[in-house]
Amino acid sequence: MFDYVVFKLVLFPLLTVLGLYDETTAYLMRIIIQAGVR
Numbered sequence: 002m003f004d005y006v007v008f009k010l011v012l013f014p015l016l017t018v019l020g021l022y023d024e025t026t027a028y029l030m031r032i033i034i035q036a037g038v039r
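Residue numbering for the sequence shown follows our numbering, starting at 2 and increasing by one per position.
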């Protein structure tokens, strides 16, 4: 849970600045959610 929050707070702004929010975030979120559920 904690790792997910930190990862989200750090990467979301970073990806947005890089302009990779759509593709990269969708891909990463998919992996994070699967890992978080377990």
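In this text, a Cβ means the ideal position worked out from N, Cα and C, and glycines have one as well.
Between the CA atoms of residue j and residue i - distance to the nearest angstrom
| i | j | result |
| --- | --- | --- |
| ASP4 | LEU12 | 12 angstroms |
| LEU16 | LYS9 | 10 angstroms |
| LEU19 | ALA27 | 14 angstroms |
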